[in-house]
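Worksheet: one structure, shown below.
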Amino acid sequence: MAMFVASELYDVVRVEAHRLNGNSIYEALRQALNNKFVNKVLLNCGLFIKVLDFLPESGSTDFHILPGDGAVHKKVYFRAIVFRPFLNEVLEGRVRSLSPEGVKISLEFFDDIMVQGMRMQHPSRWDATKACWIWDYGAEDGDSHELYLEVGDRVRFRIVDEKFTDCSPVGPLVESAQQQQNLPSSYTLEAAMNEPGLGVLSWWSST
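Each residue of the sequence shown is one higher than the one before, starting from 0 at the first, in numbering that gives the first Met the number 0.
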């Protein structure tokens, strides 16, 4: 699928010596890389899914054992599958939450997708009483029908922008859970649902 891409990366991998016994060296390196990066966002790269394969350059680097450390270290070059949809790509997901600002969408493995109110079907409005968005379909023709956008709805949307944020610690560690919740997302996607065929899937069904 296009939203998953293969990226060339490198890293110095630390592997406990006993993990090399009876195993392929590269299988141990693959496991160590997956344990380190799976489900983590790599800055300006995307959400790490898994190691795909190793590049030939990995064969030219040596193993090293550091003083006082019984593990082996090796610089490896590899390709990884990462989640990073391209701009204008159309995806489907489920509405995670709603607010007067817009809609948050989840792909189950990735939740930081936002559709602002101005990027929804026109004219759309926020209904504070029902806590949902409503598209007044046909209002411009004088024959309006209210189409609801609610939590749990399956939706189709177009990616219009992406943002990476470096969330590396630069000072004292965050102490409280509340402070952790206020940290920015390291990777967010902006989307739109303001074209024919976009929005709640049932809006466009033939039944």
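Just so it is clear, CB atoms sit at the ideal spot from N, CA and C, and this is done for glycine as well.
Taking Cβ positions, are residue i and residue j nearer each other than 8 Å?
| i | j | result |
| --- | --- | --- |
| Pro-99 | Trp-134 | no |
| Val-154 | Ile-104 | yes |
| Glu-88 | Met-2 | yes |
| Phe-156 | Leu-200 | no |
| Phe-77 | Asp-111 | no |
For residue i, which three-state DSSP category applies?
| i | result |
| --- | --- |
| Ile-133 | strand |
| Ile-24 | helix |
| Ser-167 | coil |
| Ala-31 | helix |
| Arg-18 | helix |
| Phe-85 | coil |
| Leu-41 | strand |
| Ser-105 | strand |
| Ser-201 | helix |
| Glu-56 | helix |
Roughly how many angstroms separate the alpha carbons of residue i and residue j, rounded to a whole number?
| i | j | result |
| --- | --- | --- |
| Glu-91 | Gln-120 | 16 Å |
| Ile-80 | Gly-137 | 43 Å |
| Gln-115 | Tyr-25 | 45 Å |
| Phe-47 | Val-102 | 25 Å |
| Val-94 | Asn-38 | 21 Å |
Assuming residue i is part of the beta strand (DSSP E), what are its boundary residues?
| i | result |
| --- | --- |
| Arg-118 | 112-119 |
| Glu-91 | 89-98 |
| Ser-123 | 123-126 |
| Met-192 | 186-192 |
| Leu-146 | 144-148 |
Checklist entry - Do the region 35-54 and the region 63-70 meet, that is, are 3 or more Cβ pairs less than 8 Å apart? => result Taking a cut-off of 8 Å on C-beta distances, the region 35-54 does not touch the region 63-70, as fewer than three cross pairs fall below it.
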